[in-house]
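Chemist: Input: one structure, supplied below.
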Amino acid sequence: MSQIIRNISSLREEWKQLAKKKIKKNKRKNQYTLPYSFDNSKNNNTNKTDFLLIVKNIPNTIPNNNVFRLKTNIQFSMSINKEYSMGSLSIDPHSNNYKVVRTDKRKNLTILTLDQINRPITPSDVLFQIFKSRNELLAEAFQMFDQRNLDPSKFKLNKIQEMIEFESTITNFPYACYVQIYENGMWRTFQKIFNQKMLQVLAISEEMLINYCNETKLIPISAFFDPSDQQLQVFYKIFSGIVGQNASKRDYINYNGERFTAALKIKSFFIMDEDKGQLFEYTYCITECEDRWISDDRVRMNELEYFNIKPCNSSTDESSYVEQQKRCGFKQLK
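Numbering follows numbering that gives the first Met the number 0, with no gaps: position 213 of the sequence shown is 212.
Laid out in structure tokens, this is it:
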């Protein structure tokens, strides 16, 4: 079985078992609760205040805070959000519509489970017109990607064996994988998965990623978004790359703010789970870069800085560093 599918299946089963557990808590009378006097005219008069409820329906064609949510699961925002970013890394556009609700480690994989943020649906034509006013090629690439996701009955289904064979060819490459589920006529991203080498490209460790995601609920990404370019080139390559299943050169950025160019190859598999009657899409984003951007030493130094671990003065080989100490805003007095 595919390593990705095997780990996802075990996590989903574990999630179901946790959801079945119920916590029974006996009710206890609150000794500080004062009885309400129903025949007290003073209390009755006080609570007869009239309230005016104003209900305003906001058209779903107006994006919420310039963030778009489409049925075809296309992620886009009018602005580049750098707030709460992890070092110099960019924030994954999926964080516009999803939050991280669980983090897991499985061998050489780090798995982020996502939950969708409830936002109004924006018609595809709204985003198409915005793209068209900026860049004709971007609008065409978006439209092709949007139409690709509209009719799952036209998808060419793959066999799990095809995924297994493909995974065996990318074990030595950095990659991330998005797992999407098709439900009720809509696509939803369920997980984002990093392999160990992909974390090295980001110049972060598993512990850094898990801590960051648990604290912020955001997802980091290696793509460099140029504010002066208004994200046009990056999204054009994303849309056309997924539709064409091809490779392209892209600007990367790591935790330290170092920018470099590398090749990004995108490969998707559509797998039907016959038992559950659900359609899954596994989108692999494989990076091909120079070896100098995959460094354990860089990751180790960044982890020390991130968790504020101070070097130990001991000259022995038994202990090179003191116990991990996270920043807490207090200074230890000697």
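All residues carry an ideal CB built from backbone N, CA and C; glycine is no exception.
On the CB-based measure, 16 or more other CB atoms within 10 Å of its CB, does D91 come out buried or exposed?
Modeler: As a first step, residue 91 must be located in the sequence shown, where it is residue number 92. D91 comes out buried.
Chemist: Within 8 Å (strictly less), CB to CB, does P151 reach chain B?
Modeler: This model lacks chain B altogether, as it is built from one protein chain only.
Chemist: Please state the DSSP three-state secondary structure of F154.
Modeler: Residue numbering aside, residue 154 sits at position 155 when the sequence shown is read from its first letter. Here F154 sits in coil by DSSP.
Chemist: By a C-beta neighbour count over all protein chains shown, 10 Å radius and 16 as the cutoff for buried, is V100 buried or exposed?
Modeler: Your numbering for residue 100 matches position 101 in the sequence shown. Under this definition V100 is an exposed residue.
Chemist: Would you be able to state if there are at least three C-beta pairs under 8 Å between the segment 288–302 and the segment 251–268?
Modeler: Counting Cβ pairs under 8 Å, three or more are found: they touch.
Chemist: Tell me where the beta strand (DSSP E) around Q244 begins and ends.
Modeler: As a first step, residue 244 must be located in the sequence shown, where it is residue number 245. No beta strand (DSSP E) holds Q244; DSSP gives it neither H nor E.
Chemist: What does a CB cutoff of less than 8 Å around F165 pick up in its chain, not counting 5 residues either side in sequence?
Modeler: Residue numbering aside, residue 165 sits at position 166 when the sequence shown is read from its first letter. The answer, listed in chain order, is K266, F268 and Y283.
Chemist: Since I116 and K98 should fall inside the 8 Å C-beta cutoff, what is the C-beta to C-beta distance between them, to a whole number of angstroms?
Modeler: Locating residue 116 in the sequence shown gives position 117, counting from the first residue. Locating residue 98 in the sequence shown gives position 99, counting from the first residue. The Cβ separation is near 6 Å, so the contact holds.
Chemist: Would S94 be called buried (16 or more neighbouring beta carbons within 10 Å of its own) or exposed?
Modeler: Your numbering for residue 94 matches position 95 in the sequence shown. When all chains shown are included, S94 counts as buried.
Chemist: Excluding the five sequence neighbours on either side, which residues of its own chain have a C-beta within less than 7 Å of the C-beta of S157, listed in chain order?
Modeler: Counting from 1 along the sequence shown, the entry for residue 157 is found at position 158. With the sequence shown as reference, residue 157 is identified as Asn, and Ser is not the correct amino acid for it. F268, F269 and I270, listed in sequence order.
Chemist: So what's Y254 in DSSP terms, helix, strand or just coil?
Modeler: In the sequence shown, the residue the question calls residue 254 occupies position 255. Y254 falls in the coil class under three-state DSSP.
Chemist: With three or more beta-carbon pairs closer than 8 Å as the criterion, would you say the segment 215–226 touches the segment 118–132?
Modeler: They do not touch, by the three-pair rule.
Chemist: Measure the C-alpha to C-alpha separation of F154 and Y177 and round it to an integer number of angstroms.
Modeler: Counting from one through the sequence shown, the residue named residue 154 turns up at place 155. Counting from one through the sequence shown, the residue named residue 177 turns up at place 178. Their backbone Cα atoms lie some 17 Å apart in a straight line.
Chemist: Check the C-beta distance from L137 over to F234 and give it rounded, since I have them as a contact under 8 Å.
Modeler: The sequence position of residue 137 within the sequence shown is 138, counting from 1. The sequence position of residue 234 within the sequence shown is 235, counting from 1. Rounded, the Cβ-Cβ distance is 6 Å, consistent with contact.
Chemist: Here's a check: name, in chain order, each residue in its chain whose Cβ is nearer than 6 Å to the Cβ of P151, leaving out the five neighbours to either side.
Modeler: Residue mapping note: residue 151 aligns to position 152 of the sequence shown, counting from 1. Taken in chain order, the residues that qualify are Y181 and L278.
Chemist: Thinking L69 and N134 are a contact (beta carbons under 8 Å), I'd like their distance in whole angstroms, please.
Modeler: Position 70 of the sequence shown, counted from the first residue, corresponds to residue 69. Position 135 of the sequence shown, counted from the first residue, corresponds to residue 134. Their Cβ separation, rounded to whole angstroms, is 18 Å, which puts L69 and N134 out of contact at 8 Å.
Chemist: Once you ignore the five residues that flank I169 on each side, which residues in its own chain have a CB closer than 6 Å to its CB?
Modeler: Reading the sequence shown from its first residue, position 170 is the one you call residue 169. For I169, where only same-chain residues beyond five positions count, the Cβ hits under 6 Å are I285.
Chemist: Below 8 Å on the Cβ atoms is my contact criterion, and I expect L113 with K191 to pass it. Report the Cβ-Cβ distance as a whole number of Å.
Modeler: By 1-based counting over the sequence shown, the position of residue 113 is 114. By 1-based counting over the sequence shown, the position of residue 191 is 192. 7 Å between Cβ atoms; contact.
Chemist: Kindly indicate which residue of D225, D290, D272 and C212 has the alpha-carbon position closest to the one of Y83.
Modeler: In the sequence shown, counting from the first residue as 1, residue 83 sits at position 84. Out of D225, D290, D272 and C212, C212 has the C-alpha closest to the C-alpha of Y83.
Chemist: Verify whether the separation of the beta carbon atoms of E139 and S204 is less than 8 Å.
Modeler: The residue labelled residue 139 in the question sits at position 140 within the sequence shown. The residue labelled residue 204 in the question sits at position 205 within the sequence shown. No, Cβ-Cβ distance for E139 and S204 is not below 8 Å.
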